[in-house]
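Heads up, the final residue of the sequence shown is numbered 300 in the working numbering, and it's a clean run with no missing numbers. What follows is a short report on a single structure.
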Amino acid sequence: MTRKLTVCFLAAFLCIFLAACEHSAPENTVFAVDDLPGKTIGVLLDTTGDAYASEYEKESSVLERFSYAEDAIIALAEGNLDCVIIDEQPARVLVDKYKDLTILDEQFVTENYAFCFSKDRAEMTEKFNTALAEMKESGTLDQIISNYIGDAKGTCPYQSPADIDRSNGVLTLALHIGFEPYEFYDDDVVKGIDIDIARAFCDRMGYELKLEDMEFDSIIAAVQTGKADFGCSAMTITEDRAKLIDFTDSYTSSSQVIIVRK
Numbered sequence: 039m040t041r042k043l044t045v046c047f048l049a050a051f052l053c054i055f056l057a058a059c060e061h062s063a064p065e066n067t068v069f070a071v072d073d074l075p076g077k078t079i080g081v082l083l084d085t086t087g088d089a090y091a092s093e094y095e096k097e098s099s100v101l102e103r104f105s106y107a108e109d110a111i112i113a114l115a116e117g118n119l120d121c122v123i124i125d126e127q128p129a130r131v132l133v134d135k136y137k138d139l140t141i142l143d144e145q146f147v148t149e150n151y152a153f154c155f156s157k158d159r160a161e162m163t164e165k166f167n168t169a170l171a172e173m174k175e176s177g178t179l180d181q182i183i184s185n186y187i188g189d190a191k192g193t194c195p196y197q198s199p200a201d202i203d204r205s206n207g208v209l210t211l212a213l214h215i216g217f218e219p220y221e222f223y224d225d226d227v228v229k230g231i232d233i234d235i236a237r238a239f240c241d242r243m244g245y246e247l248k249l250e251d252m253e254f255d256s257i258i259a260a261v262q263t264g265k266a267d268f269g270c271s272a273m274t275i276t277e278d279r280a281k282l283i284d285f286t287d288s289y290t291s292s293s294q295v296i297i298v299r300k
């Protein structure tokens with residue numbers, strides 16, 4: 039009898055122990071922008087999402103800043119954040135991967151993206167804008183974007199002409215790889231909307247393109263100091279950034295969105 043009681047006790051203890059070890063994320067409490075005050079919000083360091091969400095720190099919200107979007111998403115999925123605020127297209131890629139997460143219908147803020155050049159290289163900004171206008175007119179820009187977003191995804195990749203004279207040298211692009219669909223690794227190849235636009239620009243201007251991967255908050259400094267010739271990474275045009283560098287014309291618009299647990 040004693041042995042049976044011992045076995046029963048151990049079995050019961052094991053069940054209790056296993057139940058205690060199970061971790062389930064708390065239920066979602068963010069259903070709209072108005073729910074953000076007092077919440078723990080994940081953002082990417084020095085992005086516009088960071089800047090806009092910082093206003094909620096005045097209303098007792100806590101901001102957790104990350105260098106990589108997927109780190110923020112994992113923290114949300116594990117229940118360490120109440121929501122994450124990032125750009126719409128990377129958000130869609132991530133919620134497709136993490137099925138327990140979803141994007142709120144209400145957008146946080148709308149913004150325009152551009153490349154940037156140093157203020158002492160105004161001629162390069164002008165050349166980029168001319169090339170960008172040609173890409174828009176010829177349909178090349180629409181083709182590039184459609185290859186990464188929408189029903190035609192993966193069907194219309196940009197191809198550099200084979201006979202380009204690249205005797206003008208090398209242009210170094212500062213960017214933060216890991217922000218799909220704008221710049222990301224596909225196996226060992228860097229792809230994305232920003233990459234193809236930069237390639238198309240260099241093709242038109244007769245340059246080789248060199249990529250310099252770095253943290254997002256280092257891109258502007260790299261362009262200012264000449265470490266890179268130009269920069270991008272789904273970079274939003276803002277007044278504060280425009281004091282430091284020159285923005286090109288916008289190549290697309292997007293939104294900051296709020297990701298939550300289902």
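We treat Cβ as the ideally placed atom computed from N, Cα and C, and that holds for glycine.
**Prompt:** Since serine 156 and glutamate 253 are thought to touch, with beta carbons under 8 Å apart, how far apart are those beta carbons, to the nearest angstrom?
**Reply:** By 1-based counting over the sequence shown, the position of residue 156 is 118. By 1-based counting over the sequence shown, the position of residue 253 is 215. Not a contact, Cβ separation roughly 19 Å.
**Bridge partner(s) assigned by DSSP for leucine 209** = Along the sequence shown, one-based indexing puts residue 209 at 171. DSSP output for leucine 209 lists Leu247 as bridge partner(s).
**Asked** Contact check, isoleucine 182 vs leucine 139 under 8 Å by CB: the rounded distance?
**Response** Stepping through the sequence shown from its first residue, residue 182 is reached at position 144. Stepping through the sequence shown from its first residue, residue 139 is reached at position 101. Between leucine 139 and isoleucine 182 the Cβ distance is about 28 Å, and since that is not below 8 Å, they are no contact.
**Cα-Cα separation, proline 64 to glycine 76** = What you label residue 64 is simply residue 26 of the sequence shown in a count that begins at 1. What you label residue 76 is simply residue 38 of the sequence shown in a count that begins at 1. Between proline 64 and glycine 76, the C-alpha separation is close to 16 Å.
**Asked** Which of helix, strand or coil does DSSP assign to tyrosine 90?
**Response** As a first step, residue 90 is located in the sequence shown; it is residue number 52 there, counting from the start. Helix, per DSSP.
**Request:** Ignore the nearest five residues each way along the sequence and tell me which others in leucine 52's own chain have a CB closer than 7 Å to its CB.
**Result:** Your numbering for residue 52 matches position 14 in the sequence shown. Here leucine 52 scores only 46 on pLDDT, less than 50, and its place in the model should not be relied on; the value that follows carries that caveat. Excluding residues within five positions, none has a Cβ falling inside 7 Å.
**Pick from Asp241, Phe222, Leu82, Ala113 that is closest to valine 208, judged by C-alpha positions** = For this step, residue 208 is matched to residue 170 along the sequence shown. Measuring from the Cα of valine 208, the nearest candidate turns out to be Asp241.
**CB contact check: asparagine 185 to chain C, cutoff 8 Å** = Although the question refers to chain C, the structure presented lacks it and comprises just one protein chain.
**Asked** Going by the CB atoms, is the gap between valine 131 and glutamate 218 shorter than 8 Å?
**Response** Indexing the sequence shown from 1 puts residue 218 at position 180. Indexing the sequence shown from 1 puts residue 131 at position 93. Their beta carbons are under 8 Å apart, which means glutamate 218 touches valine 131 by this criterion.
**Message:** I need the DSSP call for glutamine 364, collapsed to helix, strand or coil.
**Reply:** Nothing about residue 364 can be reported from this structure: the residues present for the chain run from 39 to 300 only.
**Request:** May I ask which residues mark the beginning and end of the beta strand (DSSP E) holding threonine 290?
**Result:** In the sequence shown, residue 290 corresponds to position 252, counting from 1. Looking at the DSSP string, the run of the beta strand (DSSP E) that includes threonine 290 is 290-299.
**Asked** Which value, in whole angstroms, describes the spacing of the CA atoms of arginine 204 and serine 198?
**Response** Taking the first residue of the sequence shown as position 1, residue 204 is located at position 166. Taking the first residue of the sequence shown as position 1, residue 198 is located at position 160. Whole-angstrom Cα-Cα distance: 12 Å.
**Message:** In this structure, how does DSSP classify valine 133 when only helix, strand and coil are distinguished?
**Reply:** Locating residue 133 in the sequence shown gives position 95, counting from the first residue. Looking at valine 133 - three-state DSSP - the assignment turns out to be helix.
**Asked** Which of the three DSSP states, helix, strand or coil, is assigned to arginine 242?
**Response** Within the sequence shown, numbered from 1, the residue matching residue 242 stands at position 204. Three-state result, arginine 242: helix.
**Buried versus exposed, by CB contacts within 10 Å (16 or more), glycine 269** = For the purposes of this step, residue 269 is taken as the residue at position 231 of the sequence shown. Buried, by the Cβ-count rule.
**Asked** So, are the CB atoms of lysine 133 and isoleucine 297 less than 8 Å apart?
**Response** In the sequence shown, residue 133 corresponds to position 95, counting from 1. In the sequence shown, residue 297 corresponds to position 259, counting from 1. In the sequence on display, residue 133 carries valine and not lysine. Closer than 8 Å, so yes.
**Asked** If you run the structure through DSSP and keep just helix, strand and coil, what is leucine 119?
**Response** Position 81 of the sequence shown holds residue 119. In the structure shown, leucine 119 sits in coil (DSSP, three-state: anything other than H, G, I, E or B).
**Request:** For the beta strand (DSSP E) containing aspartate 224, list its first residue and its last residue.
**Result:** Position 186 of the sequence shown, counted from the first residue, corresponds to residue 224. That run of the beta strand (DSSP E) goes 222-224.
**Item:** First through last residue of the alpha helix (DSSP H) which encompasses valine 81
**Value:** In the sequence shown, the residue the question calls residue 81 occupies position 43. Unbroken run through valine 81 is the beta strand (DSSP E), 78-82; no alpha helix (DSSP H).
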